[in-house]
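Residue numbers (our numbering): 11 to 364.
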């Protein structure tokens, strides 16, 4: 499926064309900025954006861009903005790093930063090991709760961050453990009721109710299935839908909960093919790669952004995605393709065509 595209300058287009393997993508809370993580080259690409148009016709303009480097970026994988002036990066080859957003960052093509804090966790209380993805939400003024996915330890650790007069970070320990098997993506619903986690090794997404009683022994409330290798994911604004990037297939999976109460098992509402055959084949360095990695939502639930290897950046009008007719026969074939991709271990073969 073709996206709605974007307009930009020749210089920014050249920058995008040079970006290699991408991972997370994230809009700032006000929708003014978009960050894309470049994994192997240890870079964060920051864009100033303007979004206009109707629900069915989104117009995206990339106004400015800069590249952020740091000696403390070590295989960056996850990203999230923290308020208006900070951002956090989860480094697969290191720790979680907190940076202050430069006030005039777009005056330079490249900015070199040092973190204002490095989050390592505690060895016995809430250790960080190969952090993959992160998400946060505001608890009160200048105070946030950060959730960090530990790929190697199969757990999610919680931190409390205060950015009022000085940076204070408190380790709150392991929040989620039960059911996790390589958590590769995380999303917190805007109403702060649900946490969705991509479970890479099982090909599922687990959803946990966010409450005072949530702890490492809490079982997931719901499980989303029929995915090859789930990666980035985002709740819709109202929390009734979840958009799941599938790193191991050509599809974006959309799940829906009609009563806004995520429980039991859910199959995709629809699976939309967003990565074309040629692009997918280029990214198939192993059976778990080639598809979409990062996904996020902006403009009051109207715009979806995706990143993929060899298909760095694309935008889609969400109303257009949801308006695609759901073909039951096609969805059955897609499910069979997901099972096919999950079985691929050492050999890479073309998937059956629809």
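Cβ atoms here follow ideal geometry from the backbone N, Cα and C, with glycine treated the same way.
For clarity, every value in this text was computed on a predicted model and none was experimentally measured.
- The closest CA to that of residue 97, considering only 123, 314, 117, is found on 123.
- One thing to note: residue 111 has its Cβ no nearer than 8 Å to the Cβ of residue 136.
- Look at the stretch 17-68 and you find these whole runs of beta strand (DSSP E), each 3 residues long or longer: 32-37, 43-48, 53-63.
- Boundaries of the beta strand (DSSP E) harbouring residue 127: 127-129, taken from the DSSP string.
- Per DSSP, the unbroken beta strand (DSSP E) holding residue 165 starts and ends at 165-172.
- As a beta-bridge residue in DSSP terms, residue 305 pairs with 316.
- Across the structure, residue 224 and residue 187 are spaced so that their CA atoms are roughly 10 Å apart.
- Its Cα nearest to that of residue 53, the residue 25 stands out among 25, 158, 313, 348.
- In this structure, 153 is the residue among 153, 30, 292, 191 with its C-alpha nearest to the C-alpha of residue 175.
- Residue 171 is not a Cβ neighbour of residue 158, given a cutoff of 8 Å.
- In the three-state reduction of the DSSP assignment, residue 329 falls in the helix class, which pools H, G and I.
- Bounds of the beta strand (DSSP E) holding residue 109 are 106-110.
- In the DSSP secondary-structure assignment, residue 120 is bridged to 77.
- Per DSSP, the beta-bridge partners of residue 154 are 148, 171.
- Taking a C-beta distance under 8 Å as the contact criterion, residue 328 and residue 314 qualify as a contact pair.
- Residue 282 is positioned such that its CB atom lies closer than 8 Å to that of residue 11.
- Just measuring C-alpha positions, the residue of 32, 41, 59, 46 sitting nearest residue 19 is 59.
- Put simply, of 107, 298, 215, 177 the residue whose alpha carbon is nearest the alpha carbon of residue 274 is 215.
- Looking at the DSSP output, residue 88 bridges to 100.
- DSSP places residue 209 in the strand class (E or B) of the three-state scheme.
- In the same chain as residue 202, and ignoring 5 residues on each side of it, the C-beta atoms closer than 8 Å to its own belong to 147, 220, in chain order.
- For residue 280, the uninterrupted beta strand (DSSP E) run begins and ends at 280-283, by DSSP.
- Contact between the stretch 288-301 and the stretch 32-52 is absent: fewer than 3 CB-CB pairs across the two stretches fall below 8 Å.
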